[in-house]
Amino acid sequence: MTEQERGGSTPAVAVLGGGVMGEALVAALLAGGWPADRVEVTEQSRQRGDELAQRHEVRTDGTNAEAAARADVVLLAVKPAVVPAVLDEVAAHLTAGALVVSVAAGVPIAAYEERLPAGTPVVRVMPNTPAVVGKGASAIAAGTHASDEHLALVERVLAATGLVVRVAEKDLDAVTAISGSGPAYAFYLIDAMAEAGVLLGLTRDLATRLAVATVEGAGALAAGGEHPAVLRERVSSPGGTTVAAVAELDAHAVRAGVVAAARAAYERSRELGRA
Ligand SMILES: NC(=O)c1ccc[n+]([C@@H]2O[C@H](COP(=O)([O-])OP(=O)(O)OC[C@H]3O[C@@H](n4cnc5c(N)ncnc54)[C@H](OP(=O)(O)O)[C@@H]3O)[C@@H](O)[C@H]2O)c1
């Protein structure tokens, strides 16, 4: 019987796979006030397990089956190819009512539901790497047996990772194309801006710091809710420097390039989901 069934208020979470995303999720849970004794992580490598135990003071000595048997929420953070094997390990050990959550990219909810006991609630998450610094954007989609309460629980689990939105599973490929792969588009822009700074005579360090702070600041301004085109117009005075720069972005079809990039990510996500 889990602690929650005994009347405890904080659900026990088992994170299966303590890699980059698994550790980010553990850190976010703890940062959000989840008690460390309600979180455990499983890892294949003992060394990595010890490292995580030391850094976060969470239990890391269980097998996937043992951790699942102690958990109210079983959160898969292993690579997509390993998901079926891990599901087979835990299926017989889930407690009644346990919620299965997965961040594995491209694995459809149906693949979980067919390997887990009938009626198991499943929630699929598409997170992104800025979750590591609490600035992530995650979309969550409910499986056949996941209720509003289950989605609310996943929102609680992910609260300290950043923005969390609810979507239908069919929209996860589009989410992957925008926020899942999106950090790479922003890094690409930052890198290009820094390179331009170097070309114009700034040191690389200075150019990179300016580019990072500018993208971060623009993101913070845009988060205020005004339309990005309005914000762009506001910094484009007639005959000025910014409008000259934006005209070059248009001449080089940068907007069309971003749309084509996102479409390519979307198509690839669909392909991987069918594989
Ligand atoms: N990183 C991202 O930006 C991102 C974004 C969205 C979604 N995701 C999803 O997050 C998941 C994890 O990605 P990641 O980048 O965190 O990968 P990762 O760093 O390789 O983490 C996976 C971890 O799982 C461990 N593992 C492997 N087999 C296991 C098993 N049977 N039981 C328990 N642990 C096991 C691995 O250990 P070993 O190294 O010892 O094998 C590794 O530490 C993936 O499904 C990915 O699609 C990641």
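Residue numbers 1 to 275, in the UniProt record's numbering, belong to the letters of the sequence shown in order. We treat Cβ as the ideally placed atom computed from N, Cα and C, and that holds for glycine.
- Look at Ser45: its beta carbon is less than 8 Å from one of the heavy atoms in ligand 1.
- Taken atom to atom, the span from the alpha-carbon of Ala98 to that of Leu210 is near 47 Å.
- For the pair Arg46 and Gly201, the Cα-to-Cα distance works out to about 49 Å.
- Per the Cβ contact rule, the segment 185-198 is not in contact with the segment 135-149 (fewer than 3 Cβ pairs under 8 Å).
- In this structure, DSSP gives Val122 an extended state, which the three-state scheme calls strand.
- If the five residues before and after Asn128 are omitted, its C-beta is found closer than 6 Å to the C-beta atoms of Gly136, Ala137, Ser179, Gly180 and Pro183, all from its own chain and listed in chain order.
- If you draw a straight line from the Cα of Arg156 to the Cα of Leu199, it is about 46 Å long.
- Taking C-beta atoms under 8 Å as the contact rule, Ile109 and Ala141 qualify, at a distance of about 7 Å.
- Ala92 and Ala12 have their C-alpha atoms roughly 18 Å apart.
- According to DSSP, residue pairing for Ser102 in a beta bridge involves Leu76 and Arg124.
- Burial check for Asp173: the Cβ neighbour count within 10 Å reaches 16 or more, so the residue is buried.
- Taking C-alpha positions only, Tyr185 is separated from Ala253 by approximately 15 Å.
- A distance below 9 Å separates the beta carbons of Val39 and Val58.
- Assigned with DSSP and collapsed to three states, Thr42 falls in strand.
- The beta carbons of Ala177 and Ser102 sit no closer together than 9 Å.
- Remark: the shortest separation between the CB of Thr129 and any heavy atom of ligand 1 falls under 8 Å.
- Inclusion of Arg48 in the 8 Å shell around ligand 1 follows from its C-beta lying nearer than that to a non-hydrogen atom of the ligand.
- Within the segment 115-192, the alpha helix (DSSP H) runs of at least 4 residues that lie entirely inside it are, in chain order, 148-158 and 172-175.
- Cβ-Cβ distances below 8 Å link Pro35 to Thr10 in the same chain, with the five nearest sequence neighbours on each side left out; the list follows chain order.
- Taking 9 Å as the cut-off, the Cβ atoms of Pro117 and Leu153 do not count as close.
- Looking at the backbone, the Cα of Ala27 and that of Val246 are separated by about 40 Å.
- A straight-line Cα-Cα distance of about 44 Å links Ala256 and Arg55.
- As computed with DSSP, Val13 is found in a beta bridge with Val39 and Val73.
- Taking 4 residues as the minimum length, the alpha helix (DSSP H) runs contained wholly in the segment 189-249 are 204-222 and 228-234, in order along the chain.
- Between the alpha carbons of Gly240 and Val164 lies a distance of about 39 Å.
- Relative to ligand 1, the beta carbon of Leu94 is positioned no closer than 8 Å to any heavy atom.
- In the DSSP annotation of this structure, the continuous segment of the alpha helix (DSSP H) that includes Ala31 starts and ends at Val20 to Ala31.
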